[in-house]
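Comments concern the structure below.
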Amino acid sequence: MSKHHTVRRHTPRSLAALDTPIVSLTAYTTPMARLLDPHCDLLLVGDSLGMVVYGMDSTLGVSVDMMVAHGQAVVRGSQKACVAVDLPFGSYQESPQQAFRMAADIMARTGAGCVKLEGGQEMAETITFLVQRGIPVVGHIGLKPQAVHAHGGFRTVGRGSEAEQVMADALAVEKAGAFAVVIESTMEPLSRAITEALSIKTIGIGASPMCDGQILVAEDMLGLFPDFTPRFVRKFANLGQDVDRAVADYAHAVRTRSFPGPAECVGMAKAD
Numbered sequence: 001m002s003k004h005h006t007v008r009r010h011t012p013r014s015l016a017a018l019d020t021p022i023v024s025l026t027a028y029t030t031p032m033a034r035l036l037d038p039h040c041d042l043l044l045v046g047d048s049l050g051m052v053v054y055g056m057d058s059t060l061g062v063s064v065d066m067m068v069a070h071g072q073a074v075v076r077g078s079q080k081a082c083v084a085v086d087l088p089f090g091s092y093q094e095s096p097q098q099a100f101r102m103a104a105d106i107m108a109r110t111g112a113g114c115v116k117l118e119g120g121q122e123m124a125e126t127i128t129f130l131v132q133r134g135i136p137v138v139g140h141i142g143l144k145p146q147a148v149h150a151h152g153g154f155r156t157v158g159r160g161s162e163a164e165q166v167m168a169d170a171l172a173v174e175k176a177g178a179f180a181v182v183i184e185s186t187m188e189p190l191s192r193a194i195t196e197a198l199s200i201k202t203i204g205i206g207a208s209p210m211c212d213g214q215i216l217v218a219e220d221m222l223g224l225f226p227d228f229t230p231r232f233v234r235k236f237a238n239l240g241q242d243v244d245r246a247v248a249d250y251a252h253a254v255r256t257r258s259f260p261g262p263a264e265c266v267g268m269a270k271a272d
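Here the sequence shown is numbered in the UniProt record's numbering, starting from 1 and rising by one per residue.
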């Protein structure tokens with residue numbers, strides 16, 4: 001038997017069958033995808049790239065072409081993880097037909113395994129329309145960044161009477177045919193109750209440890225994105241500080257002419 005084996009990429013079906021929590025992070029570039037892929041089940045090319053990569057103050061300015069370019073980069077950089085691509089604001093809300101055209105285009109051009117879209121009951125018809133036509137869908141309920149202005153800013157949702165609507169959204173997304181749903185910035189007891197009520201996978205971000213998986217923006221948990229760190233982020237590293245020190249050392253080496261040295265040059269005599 002050959003010593004070589006093919007790495008099998010996760011699919012929506014295999015993610016749905018996992019009996020361990022789904023490990024998910026955002027990815028926007030090939031180098032980062034290569035680093036994250038061995039450890040993740042799902043890589044999300046999120047429209048959060050507008051804020052993280054392009055310095056926008058929200059996700060609303062992200063285009064389909066941007067999602068395609070970064071989706072292609074992440075698919076190229078990954079072998080094991082299923083890759084999901086967000087449908088950006090304005091690309092799917094008009095009608096199920098519009099959503100299908102955009103989702104089909106994104107999947108065809110990127111090679112992604114599924115798409116993610118925000119919305120609950122109001123998007124149920126669209127989710128069903130996509131799933132019936134062969135496009136696997138991850139839903140997104142709770143705080144919906146594309147509706148940040150309607151939410152009154154980035155805040156925790158699901159308090160009081162609002163909890164009934166979030167639960168109704170979760171049930172609608174499941175009934176519509178999504179294979180998983182992201183629950184963002186939602187009260188922990190409600191997130192737990194949703195997970196218990198649904199048969200599809202729940203993926204939490206600022207939700208509950210009892211969700212069927214967790215997702216974070218990679219730059220947040222690595223300490224690389226200093227502009228805004230949500231309360232629900234745990235920093236597993238502070239690479240921003242490491243980058244700052246490394247660049248300071250590089251600048252010093254350049255200014256003192258200690259870089260490049262003999263090891264980095266061809267034919268340079270070593271100092272006595």
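No residue lacks a Cβ here, since even glycine has one placed at the ideal position from N, Cα and C.
Pairwise C-alpha distance: residue j and residue i
i           : j           : result
residue 103 : residue 31  : 25 angstroms
residue 4   : residue 186 : Reliability of the predicted coordinates at residue 4 is poor, the pLDDT of 48 falling under 50, and the value obtained from them is presented with this limitation in mind. Cα to Cα, the separation comes out at about 44 angstroms.
residue 22  : residue 57  : 29 angstroms
residue 263 : residue 254 : 15 angstroms
residue 14  : residue 247 : 42 angstroms
residue 191 : residue 215 : 14 angstroms
residue 131 : residue 258 : 60 angstroms
residue 219 : residue 256 : 32 angstroms
residue 175 : residue 197 : 12 angstroms
residue 170 : residue 243 : 40 angstroms
residue 297 : residue 161 : Since the first and last residues shown for the chain are 1 and 272, residue 297 lies out of range.
residue 24  : residue 156 : 21 angstroms
residue 147 : residue 180 : 20 angstroms
residue 212 : residue 82  : 16 angstroms
residue 236 : residue 80  : 22 angstroms
residue 229 : residue 42  : 22 angstroms
residue 271 : residue 87  : 58 angstroms
residue 48  : residue 193 : 27 angstroms
residue 119 : residue 60  : 15 angstroms
residue 108 : residue 209 : 34 angstroms
residue 92  : residue 54  : 22 angstroms
residue 34  : residue 260 : 29 angstroms
residue 62  : residue 44  : 15 angstroms
residue 101 : residue 37  : 29 angstroms
residue 123 : residue 144 : 12 angstroms
residue 67  : residue 238 : 27 angstroms
residue 19  : residue 199 : 13 angstroms
residue 117 : residue 78  : 22 angstroms
residue 105 : residue 64  : 9 angstroms
residue 232 : residue 40  : 19 angstroms
residue 173 : residue 165 : 12 angstroms
residue 99  : residue 266 : 56 angstroms
residue 90  : residue 52  : 20 angstroms
residue 217 : residue 268 : 45 angstroms
residue 125 : residue 245 : 51 angstroms
residue 16  : residue 115 : 15 angstroms
residue 249 : residue 221 : 25 angstroms
residue 29  : residue 8   : 21 angstroms
residue 195 : residue 201 : 8 angstroms
residue 127 : residue 76  : 27 angstroms
For residue i, the residue or residues it bridges with in DSSP
i           : result
residue 186 : 157
residue 22  : 213
residue 181 : 139 and 202
residue 45  : 85
Range of the contiguous beta strand (DSSP E) that encloses residue i
i          : result
residue 49 : Run containing residue 49: none in the beta strand (DSSP E); it sits in the alpha helix (DSSP H), 49 to 52.
Integer Cβ distance of residue i from residue j, believed to fall under 8 angstroms
i           : j           : result
residue 141 : residue 183 : 6 angstroms
residue 138 : residue 168 : That pair is no contact at about 18 angstroms.
residue 112 : residue 71  : 5 angstroms
residue 85  : residue 27  : At roughly 11 angstroms, the Cβ-Cβ gap does not stay under 8 angstroms, so residue 85 and residue 27 are not in contact.
residue 285 : residue 226 : This structure cannot speak to residue 285, because the chain is shown only from 1 to 272.
residue 12  : residue 136 : 4 angstroms
Residue interval of the alpha helix (DSSP H) (run including residue i)
i           : result
residue 173 : 162 to 176
residue 60  : Note, residue 60: premise wrong, no alpha helix (DSSP H); not H, not E.
residue 208 : No alpha helix (DSSP H) holds residue 208; DSSP gives it neither H nor E.
residue 13  : 12 to 17
residue 33  : 30 to 36
CB contact below 8 angstroms: residue i versus chain B
i          : result
residue 29 : Included in the structure is just one protein chain, with no chain B present.
(request) Jot down the residue ranges of each uninterrupted alpha helix (DSSP H) in the region 67 to 133, minimum 4 residues, whole runs only, in chain order. (result) If we require 4 residues or more, the alpha helix (DSSP H) runs fully inside the region 67 to 133 come out as 96 to 110 and 124 to 132.
(request) Output the residue ranges of the beta strand (DSSP E) runs that lie fully inside the region 216 to 240 and measure 3 residues or longer, sorted by chain position. (result) Qualifying beta strand (DSSP E) stretches: none in this window.
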